[in-house]
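Here's the structure, in structure tokens; my notes come after.
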Amino acid sequence: MSEYKAFRVELADKIAVVTINRPEKVNAMNADFWTEIIDIFRWVDATDEVRAVVLTGEGKHFSSGIDLMLLAQVSSKLGKDVARNALTLRQTILTLQGSFNAVDNCRKPVLAAIQGYCIGGAIDLISACDMRYSTPDAQFSIKEIDMGMAADVGTLQRLPRLIGDGMMRELAYTGRTIDGTEAQTIGLVNRTFADKTALLDGVMEIAREIASKSPVAVRGTKEMIRYMRDHRVDDGLEYIATWNASMLQSEDMRIAMTAHMTKQKPEFAD
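Numbering-wise, the sequence shown is residues 1 to 270 according to the UniProt record's numbering.
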């Protein structure tokens, strides 16, 4: 496992705990963040021992979003030619999108544990996760509208599938801040926990439960859920039939059924 500048990564009980580690900068997403998160999730995908990921932020806040210094660096590259500026900006945006696509495309379930600020780019990030949990006093805001721009790294594409189109539009058009309690009400987070300690304990417990299941079954379940975002029901039924034609032959299924009948805890290979 590599050493990172913007993150801290730990592996325990088959769970990778990925912590945004810039608390002195409110965990703002600097240049290191955008490149390192791709490397981290490549490692997660390639490491069979990892069964689930918990993504959180060091200190009081999850993340305040994109680092303004990074935006300044991008602006410094722009010149007088509109076409060349457009090409530069477009490539930058696509590169940033790729960082969160790495989270979305991860074969392992990713659970976000959110406290304090979750603003701007941080909403893009948690939208790419499988599940989200927070403290009641967490603060969520699609802040880009107040910066005179449209969110461009995934919020407007992924969030309608999580909280519905109308609520997403309200938050995106107004930029208003909601707390963890309202976030749970609208379905942005699954559950709230009293404080950060309870949050991490609770999310780790859920992650351990997922990690105890067949990794073949978890992989297939996530793949089918992701596939159905962009396909018809009959396409999805065809895909799962083809997928399970091989996966139902897994040794995990025999182990799971034996454990169920003998009322014992199953142990699955990585």
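Beta carbons are placed, not taken as given, at the ideal position from N, Cα and C, and that holds for glycine.
If you reduce the DSSP assignment to three classes, tell me which class residue i lands in.
{"i": "residue 201", "result": "helix"}
{"i": "residue 191", "result": "strand"}
{"i": "residue 270", "result": "coil"}
Can you tell which of the options has its C-alpha closest to the C-alpha of residue i?
{"i": "residue 119", "options": "141, 105, 103", "result": "141"}
{"i": "residue 112", "options": "16, 243, 90", "result": "16"}
{"i": "residue 130", "options": "18, 189, 183", "result": "189"}
{"i": "residue 192", "options": "96, 139, 52, 171", "result": "139"}
{"i": "residue 115", "options": "160, 63, 80", "result": "63"}
{"i": "residue 58", "options": "247, 42, 24", "result": "24"}
{"i": "residue 163", "options": "152, 178, 261, 147", "result": "178"}
{"i": "residue 270", "options": "65, 216, 70", "result": "216"}
{"i": "residue 105", "options": "248, 143, 225", "result": "225"}
Looking at residue j and residue i, is the spacing between their C-beta atoms short of 9 Å?
{"i": "residue 44", "j": "residue 108", "result": "yes"}
{"i": "residue 20", "j": "residue 56", "result": "yes"}
{"i": "residue 88", "j": "residue 78", "result": "yes"}
Starting from residue i, trace the beta strand (DSSP E) both ways and give me its first and last residue.
{"i": "residue 10", "result": "7-12"}
{"i": "residue 112", "result": "110-114"}
{"i": "residue 20", "result": "15-20"}
{"i": "residue 290", "result": "Residue 290 is absent from the structure shown; the chain starts at 1 and stops at 270."}
{"i": "residue 73", "result": "Note, residue 73: premise wrong, no beta strand (DSSP E); alpha helix (DSSP H) at 68-76."}
{"i": "residue 54", "result": "52-57"}
{"i": "residue 141", "result": "139-141"}
{"i": "residue 117", "result": "117-119"}
Could you check how far apart the C-beta atoms of residue i and residue j are, in whole angstroms? I think they sit under 8 Å.
{"i": "residue 18", "j": "residue 9", "result": "5 Å"}
{"i": "residue 207", "j": "residue 54", "result": "5 Å"}
{"i": "residue 123", "j": "residue 132", "result": "The pair is not a contact, with the Cβ atoms about 10 Å apart (cut-off 8 Å)."}
Kindly indicate the opening and closing residues of the alpha helix (DSSP H) around residue i.
{"i": "residue 33", "result": "31-46"}
{"i": "residue 244", "result": "233-247"}
{"i": "residue 215", "result": "215-228"}
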